[in-house]
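Okay, so the sequence shown: first residue is 0 according to numbering that gives the first Met the number 0, each after it adds one. Positions of the beta carbon are idealized from the N, C-alpha and C atoms, including for glycine.
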Amino acid sequence: MNSTFIQTLLKSTGGYAAFILRVPVGLILAAHGSQKLFGWFGGYGLEGTGQWMASIGLEPGYLMALMSGSAEFFGGLALALGLLTRPAALVTAFTMLIAIFSVHFSNGLFMSNNGYEYALTLLVVTLALTVQGAGRFALDNALLAYFDNKKAS
Numbered sequence: 000m001n002s003t004f005i006q007t008l009l010k011s012t013g014g015y016a017a018f019i020l021r022v023p024v025g026l027i028l029a030a031h032g033s034q035k036l037f038g039w040f041g042g043y044g045l046e047g048t049g050q051w052m053a054s055i056g057l058e059p060g061y062l063m064a065l066m067s068g069s070a071e072f073f074g075g076l077a078l079a080l081g082l083l084t085r086p087a088a089l090v091t092a093f094t095m096l097i098a099i100f101s102v103h104f105s106n107g108l109f110m111s112n113n114g115y116e117y118a119l120t121l122l123v124v125t126l127a128l129t130v131q132g133a134g135r136f137a138l139d140n141a142l143l144a145y146f147d148n149k150k151a152s
């Protein structure tokens with residue numbers, strides 16, 4: 000694999016700030032995704048979420064629920080672990096962008112009216128992580144060290 004691509008994907012300038020951002024946001028996203036996928040934490044699972052998504056025009060609903068739930072759950076776990084942080088953050092950012100414009104935007108900014116402030120906050124954090132990478136205490140750093148050692152040998 001191209002060494003420059005690996006460096007760009009895994010190397011981070013985020014320091015501790017990225018760690019502080021990605022762990023709680025990753026866990027929140029994973030919990031939110033688990034509502035869609037498994038019905039945990041008061042969620043409706045794939046069937047119920049799929050029906051709701053179809054009712055708002057996101058068709059096919061089951062597939063959309065599977066895709067958004069997977070992006071949030073697996074992307075959130077990856078963020079919390081600092082594993083392939085940039086791709087995980089980009090996928091979750093895209094998911095939040097879809098949520099903003101398909102569900103929340105018409106309700107205004109504030110969450111009390113089911114507005115987009117929460118999804119916007121998650122979008123901004125995940126975009127920041129896409130730019131700066133995982134920071135400290137991340138599995139991306141171990142992967143980078145592995146590829147650097149493999150290149151050296």
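Cβ-based burial, residue i [other Cβ within 10 Å; buried from 16]
i, result
"F100", "exposed"
"S152", "exposed"
"S111", "exposed"
"T120", "exposed"
"Y115", "buried"
"F72", "buried"
"A144", "exposed"
"G107", "exposed"
"T91", "buried"
"T3", "exposed"
"G25", "buried"
"T84", "buried"
"G32", "buried"
Beta-carbon proximity check, residue i vs residue j, cutoff 7 Å
i, j, result
"L76", "A64", "no"
"A70", "T125", "no"
"G81", "L122", "no"
"L20", "L142", "no"
"G14", "G134", "yes"
"Q34", "G47", "no"
"A118", "A98", "yes"
"T94", "S67", "yes"
"Y61", "G74", "no"
"I5", "F104", "no"
"A30", "F40", "yes"
"F136", "F18", "yes"
Helix, strand or coil at residue i [DSSP, three-state]
i, result
"N148", "helix"
"I27", "helix"
"E58", "coil"
"S2", "helix"
"L83", "coil"
"S67", "helix"
"Y15", "helix"
"A137", "coil"
The ligand FAD heavy atom lying under 6 Å from the CB of residue i
i, result
"A70", "Absence of the ligand FAD from the depicted structure is noted, as is the absence of any ligand whatsoever, leaving it without description."
Can you give, in chain order, each stretch of the beta strand (DSSP E) that sits fully within the stretch 86 to 135 and has at least 3 residues? The qualifying runs do not exist here; there are none.
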